[in-house]
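Chemist: My structure is below; once you've seen it, I'll send some questions.
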Amino acid sequence: MLAVREAFNASRRAPLLSALGVITIAFSLFAFGLFALVAVNIRQALRGVEERVEVRAFVSEGTPAEAIVAAMGDIRSFPEVARVDYVDQEGALARARRDLGEFNDVFEEAMLPASLDIHLRAGLGNPGNVRDVAERVKSYQFVDDVRYGEEWVEKLYQLRTLAAGTGLGLGLAFAAVSIIIIGATIRVSVLARAREISIMRLVGATDGFVRAPFLIDGFIKGIVGGLLALLMTWAAYRAIDTRFLDLVFFDPRFVAIGILCGALIGVLGSATSVWSHLRRI
Amino acid sequence: MIRLHDVAKEYTRTRVALSHVTCQIKRGEFVFLIGPSGSGKTTILRLLYMEEKPTHGDVWVNGVHSASAKRKEISQLRRKLGIVFQDFRLLEDRTAEQNVAFALEVTGASAATIPQRVTRVLTQVGLASKATQMPRQLSGGEQQRVAIARALVNDPYFLLADEPTGNLDERATRGVFQLLRDINASGTSVIMATHDLEMVRRADDARTIELNHGRVVFDSDETPPPETRYTPLLGQPAIGGPSEGNWPAPPRGKR
Numbered sequence: 066m067l068a069v070r071e072a073f074n075a076s077r078r079a080p081l082l083s084a085l086g087v088i089t090i091a092f093s094l095f096a097f098g099l100f101a102l103v104a105v106n107i108r109q110a111l112r113g114v115e116e117r118v119e120v121r122a123f124v125s126e127g128t129p130a131e132a133i134v135a136a137m138g139d140i141r142s143f144p145e146v147a148r149v150d151y152v153d154q155e156g157a158l159a160r161a162r163r164d165l166g167e168f169n170d171v172f173e174e175a176m177l178p179a180s181l182d183i184h185l186r187a188g189l190g191n192p193g194n195v196r197d198v199a200e201r202v203k204s205y206q207f208v209d210d211v212r213y214g215e216e217w218v219e220k221l222y223q224l225r226t227l228a229a230g231t232g233l234g235l236g237l238a239f240a241a242v243s244i245i246i247i248g249a250t251i252r253v254s255v256l257a258r259a260r261e262i263s264i265m266r267l268v269g270a271t272d273g274f275v276r277a278p279f280l281i282d283g284f285i286k287g288i289v290g291g292l293l294a295l296l297m298t299w300a301a302y303r304a305i306d307t308r309f310l311d312l313v314f315f316d317p318r319f320v321a322i323g324i325l326c327g328a329l330i331g332v333l334g335s336a337t338s339v340w341s342h343l344r345r346i
Numbered sequence: 016m017i018r019l020h021d022v023a024k025e026y027t028r029t030r031v032a033l034s035h036v037t038c039q040i041k042r043g044e045f046v047f048l049i050g051p052s053g054s055g056k057t058t059i060l061r062l063l064y065m066e067e068k069p070t071h072g073d074v075w076v077n078g079v080h081s082a083s084a085k086r087k088e089i090s091q092l093r094r095k096l097g098i099v100f101q102d103f104r105l106l107e108d109r110t111a112e113q114n115v116a117f118a119l120e121v122t123g124a125s126a127a128t129i130p131q132r133v134t135r136v137l138t139q140v141g142l143a144s145k146a147t148q149m150p151r152q153l154s155g156g157e158q159q160r161v162a163i164a165r166a167l168v169n170d171p172y173f174l175l176a177d178e179p180t181g182n183l184d185e186r187a188t189r190g191v192f193q194l195l196r197d198i199n200a201s202g203t204s205v206i207m208a209t210h211d212l213e214m215v216r217r218a219d220d221a222r223t224i225e226l227n228h229g230r231v232v233f234d235s236d237e238t239p240p241p242e243t244r245y246t247p248l249l250g251q252p253a254i255g256g257p258s259e260g261n262w263p264a265p266p267r268g269k270r
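In order, the protein sequence lines correspond to chains A and B.
Each residue of the first sequence is one higher than the one before, counting from 66 in the working numbering.
Each residue of the second sequence is one higher than the one before, counting from 16 in the working numbering.
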């Protein structure tokens, strides 16, 4: 209880320093939040493209419907497969006309083969899986040919891996910079109270007692800074979303984790600053 | 009980603050530590409240041994040591009573007893009427009384005072000194580092330990062997107060 009171008293006695601490945490986390927003939207865009990865198996003319239905049930049970659609000859023609409208006259008389369109589960569309599913589907006797845009799938997968790796690396760098800046800010507030700490130690306060108000202070600053950062990131999202691009925002779970990370950074920054200060006195 | 056995403190190879210091201080004693600046008075006090550890030798304070004391034990020990400094070390943004209460709060004293204990010590030091004043509203002597009240509030066995009158005028010095004498009379040991030889002369029943160049050169509790007998500083006429030039060189052959 006393530790909580001391934490609030410290903010009351040095309001400018406290405000500076909160603003620094907020801007550090805002920079991280902006980066995360970009990363989430790139991921979302890639996922949209990934959902379009499909294996198309062309069915021989005259294949009995029972054989096709049985094969569809079979293929649906593959762990990588999310959905299997049967597109008959008329459906294939209609699709071709729709997708390639400028060649409508070419399709006038053409007969396109029926196909099984196999959609893979999200996250399982890597080239290995796609190739594997294609090979297995190819083994059905009534399948004439299987297409899945091998080169395109490879490139998409490389892009996804690159985006994830860059995202992780930049994310860690942003987080590290945030932690360093926040740690330095908290260190200033510890130094501002160095006299108080030395008096506490002289009258017999334990290290734990000295540390507690700083940890609470760091926790509160982290939460407030995190909320401010969230507000700024949301404002940036709204500004872009309404004027330039359709974006997605973080889901609530990610928001909660972000704020908790702010609190954690506040607590850890305080703990390390006080710890290193106490070691010296 | 305080015991120092063959204590040395070296900050660097060339900067030796204390060497071969051995002495005991019993409960209830009033002890002056005297000697010129840099003679080791403050270092002895810092060793006693275990702010520092000796480079060599052993210090025991109230059963806590310097060599094995953990930080938590040191915190517990300090609750039974009152420490007073020349510069008061008060928290400027708290009133006199809040400064005193602070020493109880940080040691986990029961909240219900704090106001009563604070009032008692502030009355003891003669500052009950100024309990709600901020340090800057108090004179130097009054600030030092607040610091003494803070040191007393945990009922310490020993009160360590490092030049407590160094920043005070003569009248305030007399008042603070009398207060320390009264505290001692009520059973608390007082160990006071000072430059003020006049004050030491006035308290002829107190024990005096004189340091020079980090060594004990005189202890009024011990009778030195005749061949090494040293004329203590107190035996010399006071000439213009405690300037550096008044302190003699340490005697040869005397530890």
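Where is the CB? At the ideal position from N, CA and C, for every residue including glycine.
Distance cutoff 8 Å, beta carbons only. Does Asp-316(A) sit that close to anything in chain B?
Modeler: Chain B, which has no Cβ nearer than 8 Å to the Cβ of Asp-316(A), makes this no.
Chemist: State buried or exposed for Pro-11(B), treating a residue as buried only when at least 16 other CB atoms are found within 10 Å of its CB.
Modeler: Look at the range of chain B in this structure, 16 to 270, and you will see that residue 11(B) is not part of it.
Chemist: When Cβ atoms are compared, which residues of the region 261 to 276 of chain A fall closer than 7 Å to chain B?
Modeler: Within the region 261 to 276 of chain A, the qualifying residues are Glu-261, Ile-264, Met-265, Leu-267, Val-268, Gly-269, Ala-270, Thr-271, Asp-272 and Phe-274.
Chemist: DSSP three-state label for Lys-269(B), please.
Modeler: Note that Lys-269(B) has pLDDT 40, beneath the 50 cutoff, so the model's placement of it is unreliable and no number is given.
Chemist: If the criterion is Cβ atoms closer than 8 Å, does the pair Ala-96(A) and Leu-293(A) meet it?
Modeler: Not in contact: Ala-96(A) and Leu-293(A) (Cβ atoms no closer than 8 Å).
Chemist: In the DSSP assignment, find the beta strand (DSSP E) that holds Val-120(A) and state where it starts and stops.
Modeler: 119 to 124 is the extent of the beta strand (DSSP E) around Val-120(A).
Chemist: If you measure from the beta carbon of Thr-122(B) to each beta carbon in chain A, is any gap under 8 Å?
Modeler: For Thr-122(B), the answer is yes, since a Cβ of chain A falls inside 8 Å of its Cβ.
Chemist: Going by C-alpha distance, which of Arg-28(B), Leu-33(B) and Tyr-26(B) is nearest Leu-19(B)?
Modeler: Comparing Cα-Cα distances from Leu-19(B) to each of Arg-28(B), Leu-33(B) and Tyr-26(B), the minimum goes to Leu-33(B).
Chemist: Going residue by residue through the region 171 to 214 of chain A, where are the continuous beta strand (DSSP E) segments of at least 3 residues, counting only ones entirely within it?
Modeler: Here the runs fully enclosed are 180 to 185 and 208 to 212.
Chemist: Determine, using beta carbons only, whether Leu-82(A) comes closer than 8 Å to chain B.
Modeler: Leu-82(A) does not count as touching chain B.
Chemist: For Leu-280(A), which residues in the same chain have their Cβ closer than 7 Å to its Cβ, ignoring the five residues on either side in sequence?
Modeler: Hits under 7 Å: Val-332, Ser-335 and Ala-336.
Chemist: With DSSP run on the structure shown, which of helix, strand or coil describes Arg-345(A)?
Modeler: Three-state DSSP puts Arg-345(A) in a helix.
Chemist: Consider the Cβ of Ala-118(B): report whether some Cβ of chain A lies at a distance smaller than 8 Å.
Modeler: Yes - at least one Cβ of chain A is within 8 Å of the one on Ala-118(B).
Chemist: From the DSSP output, in three-state form, read off Arg-244(B) for me.
Modeler: Because the pLDDT of Arg-244(B) is 49, which lies under 50, any placement of that residue in the model is unreliable, and the number read from its coordinates should be weighed accordingly. Here Arg-244(B) sits in coil by DSSP.
Chemist: Please compile the residues from chain A whose C-beta is within a distance smaller than 7 Å of the C-beta of Ser-90(B).
Modeler: Gly-269, Ala-270 and Thr-271, listed in chain order.
Chemist: Quick check: Val-161(B) and Asn-227(B), are their CB atoms within less than 8 Å of each other?
Modeler: Result no, Cβ atoms of Val-161(B) and Asn-227(B) do not sit closer than 8 Å.
Chemist: In its own chain, which residues sit with a C-beta less than 7 Å from the C-beta of Ile-198(B), not counting the 5 before and 5 after it?
Modeler: Counting only Cβ-Cβ distances below 7 Å, and skipping sequence neighbours, we find Leu-167, Leu-174 and Val-205.
Chemist: Can you check whether the C-beta of Arg-345(A) is within less than 8 Å of a C-beta belonging to chain B?
Modeler: Not closer than 8 Å to any Cβ of chain B, the Cβ of Arg-345(A) fails to qualify, so no.
Chemist: Tell me which residues of the region 68 to 90 of chain B have at least one Cβ-Cβ distance to chain A shorter than 8 Å, keeping chain order.
Modeler: Hits within the stretch, in order: Arg-86, Lys-87 and Ser-90.
Chemist: Between which two residues does the alpha helix (DSSP H) harbouring Thr-89(A) extend?
Modeler: Start and end: 80 to 115.
Chemist: How many Å lie between Ile-250(A) and Ser-93(A) at the Cα?
Modeler: With the sequence shown as reference, residue 250(A) is identified as Thr, and Ile is not the correct amino acid for it. So the alpha carbons of these two residues sit roughly 11 Å apart.
Chemist: Beta-carbon of Leu-67(A) versus every beta-carbon of chain B: anything under 8 Å?
Modeler: So yes, Leu-67(A) belongs to the interface.
Chemist: Are the beta-carbon atoms of Gly-236(A) and Phe-100(A) separated by less than 8 Å?
Modeler: In contact: Gly-236(A) and Phe-100(A) (Cβ atoms closer than 8 Å).
Chemist: Which residues does DSSP pair with Asp-234(B) in a beta bridge?
Modeler: Ile-224(B), per the DSSP bridge assignment.
Chemist: Consider the Cβ of Arg-94(B): report whether some Cβ of chain A lies at a distance smaller than 8 Å.
Modeler: True, the Cβ-Cβ gap to chain A drops below 8 Å.
Chemist: Hey, does Arg-244(B) have any beta-carbon neighbour from chain A nearer than 8 Å?
Modeler: For Arg-244(B), the predicted structure reports a pLDDT of 49, less than 50, and the residue's modelled location is therefore unreliable. A value from the coordinates is still provided. Not one chain A Cβ lies under 8 Å of Arg-244(B).
Chemist: Assess, as a yes-or-no matter, whether the region 102 to 110 of chain B is touched by the region 261 to 274 of chain A under the definition of 3 or more beta carbon pairs within less than 8 Å.
Modeler: Counting Cβ pairs under 8 Å, three or more are found: they touch.
Chemist: Under the rule that 16 or more other beta-carbon atoms within 10 Å means buried, what is Gly-290(A), buried or exposed?
Modeler: When all chains shown are included, Gly-290(A) counts as buried.
Chemist: Going by DSSP, what residues sit across from Glu-25(B) in a beta bridge?
Modeler: Per DSSP, Val-31(B).
Chemist: State the DSSP-derived secondary structure class of Met-214(B), mapped to helix, strand or coil.
Modeler: Helix at Met-214(B).
Chemist: For Arg-165(B), return the contacting residues in chain A, with the cut-off set at a CB-CB distance below 8 Å.
Modeler: Residues of chain A passing the Cβ test: Val-268.
Chemist: Tell whether a beta-carbon distance below 8 Å holds between Ser-204(A) and Val-124(A).
Modeler: Cβ distance not < 8 Å, so Ser-204(A) and Val-124(A) don't count as in contact.
Chemist: Mind listing the chain B neighbours of Arg-303(A)? Cutoff is C-beta to C-beta under 8 Å, in chain order.
Modeler: Chain B residues near Arg-303(A): none, gap ~42 Å exceeds 8 Å.
Chemist: If you reduce the DSSP assignment to three classes, tell me which class Val-168(B) lands in.
Modeler: If DSSP states are grouped into helix, strand and coil, Val-168(B) belongs with coil.
Chemist: Return the CA-CA distance between Leu-142(B) and Ala-68(A), expressed in angstroms with no decimal places.
Modeler: Looking at the two C-alpha atoms, the distance is approximately 28 Å.
Chemist: At a Cβ threshold of 8 Å, is Arg-78(A) touching chain B?
Modeler: With 8 Å as the cut-off, Arg-78(A) counts as an interface residue toward chain B.
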